[in-house]
Every structure is written in C-alpha cells, then in structure tokens.
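This report refers to the structure that appears directly beneath it.
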Amino acid sequence: MAEPIALKIDRMATPIGELVLIADGQDRLRAIDWRDHEDRMLQLLGRYCGKAGFTLAPAKNPGGLSAALARYFKGDLAAIDKLATDTGGTEFQRKVWRELTRIPCGKTISYAELARRIGKPAAIRAAGLANGANPVSIVIPCHRVIGSDGSLTGYGGGLHRKSWLLAHEKAIS
Numbered sequence: 000m001a002e003p004i005a006l007k008i009d010r011m012a013t014p015i016g017e018l019v020l021i022a023d024g025q026d027r028l029r030a031i032d033w034r035d036h037e038d039r040m041l042q043l044l045g046r047y048c049g050k051a052g053f054t055l056a057p058a059k060n061p062g063g064l065s066a067a068l069a070r071y072f073k074g075d076l077a078a079i080d081k082l083a084t085d086t087g088g089t090e091f092q093r094k095v096w097r098e099l100t101r102i103p104c105g106k107t108i109s110y111a112e113l114a115r116r117i118g119k120p121a122a123i124r125a126a127g128l129a130n131g132a133n134p135v136s137i138v139i140p141c142h143r144v145i146g147s148d149g150s151l152t153g154y155g156g157g158l159h160r161k162s163w164l165l166a167h168e169k170a171i172s
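Residue 92 in numbering that gives the first Met the number 0 sits at position 93 of the sequence shown, and the numbers go up by one each step.
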C-alpha cells in the first residue's frame, strides 16, 4: 500500500481573510483556500492525493510560498507568477488551468472565451466547472474569468474576494 503524501500547511493573514496554503515536500503549491473554506479544500486535496491520502505538518513559509503571496497582496502582482504548483486534476482540468495562467494580470475573459481558448467552444459549463475546481486559486488566476455580460460570477472564495482581487490587479475599478 502506498504511503500518504506528506504535505505542509501554513496560514497567513490577507486584506480579505486568512489564507491557507498547502505545499508538498518539493515546496510546490498543492492547494490554497480561505480559512472559511478549509474543509472544502481538504476534501478536494484528498481526491487529488488518491487512496493513500495525505498528512499535514505545520510549516512557516514553505519554499517561500507564503512570502511570495504576501508580496502579491502588498502590490507586487508579479510575485506569484513563477511559483511551482502541482495541481493534480484531470487532463481537461489541467488544460483549463494552463489557459488561466495565460490571462494577463489586470485583464479578464469570459467563461465562453475560456472555452474557446481551449478549443472547446461549446464546453462553457465544463470549462466553468474546471475553473471552479482549481486548487490553487490566485496563483492560477480563476478569479480573472467573468460572465459574458461582464458580471462577477462563480468564485469559490466569495464574490467579495473576487471583486477585491480584480480591483487589486486593476482589472476593475
């Protein structure tokens, strides 16, 4: 039987709530979520880790991940651009998540545009579901996807946080 994956957990204060970060032994970011959604994050992480499961050990600033996110929240928007991640997920989800990383900071696209960009223009709902299953929000910027009419829709951390993140990145005013 496989051994559980040893993961590290850190917590940090942000202007929009406490952020929980999970890193692996190679200091790759595995998951991020808000403290008020931590149970959901751990459930998703369990799916990605498989039957062997995972263990969590407290760690301060694993691999510099927390410091990079702190710089992002203080205004250095590029501080998170090169962070190493290991997201798991299906092939389709990973394709959507790769496309999310191509949305420039300060810009937004619609769910329909996201589906078009991955070569599946009719898969708007599927692209939206994959967007919502992104385990490393902020770093893989799922918050940069909005409704076709420009409305803020669908952010697991709450629309107030999506609005703050987009304003922080100067995508909305």
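Even glycine gets a Cβ: it sits at the ideal position worked out from N, Cα and C. A quick note: this is a predicted structure, and the numbers were derived from the prediction, not measured.
Inclusion of V19 and M40 in the CB contact set at 8 Å is warranted, their separation being smaller than that value.
Uninterrupted beta strand (DSSP E) stretches at least 3 residues long and entirely within the stretch 11–82 occur at 16–22, 28–33 and 53–57, given in chain order.
Out of R101, G16, G87 and A122, the CA that lies nearest to the CA of R29 is found in G87. Ranked by Cα distance from A126, the first of E98, D9 and D148 is E98. Fewer than three pairs of CB atoms, one per stretch, sit closer than 8 Å, so the stretch 111–122 makes no contact with the stretch 64–74. In this structure V138 is in contact with L82, their Cβ atoms being roughly 5 Å apart against a cut-off of 8 Å.
Selection V144, A12, E168 and L44 evaluated against W96 yields V144 as nearest (Cα-Cα). A166 counts as exposed, since fewer than 16 other beta carbons sit within 10 angstroms of its beta carbon. Annotated as distal: V135 and T89, with beta-carbon spacing of 8 Å or more. Rounded to the nearest angstrom, the Cβ distance from G62 to D26 is 2 Å, consistent with a contact under 8 Å.
In the structure shown, K106 falls within a coil segment according to DSSP collapsed to helix, strand and coil. Annotated as distal: L113 and N133, with beta-carbon spacing of 8 Å or more. Taking 8 Å as the cut-off, the beta carbon of E37 is found no closer than this to the beta carbon of G105. As far as DSSP is concerned, L158 takes part in no beta bridge. Note on geometry: alpha-carbon atoms of R115 and P103 lie some 17 Å from one another. Going by DSSP, R93 is part of the alpha helix (DSSP H) stretching over E90 to L99. The continuous stretches of alpha helix (DSSP H) do not include N133, and DSSP gives it neither H nor E.
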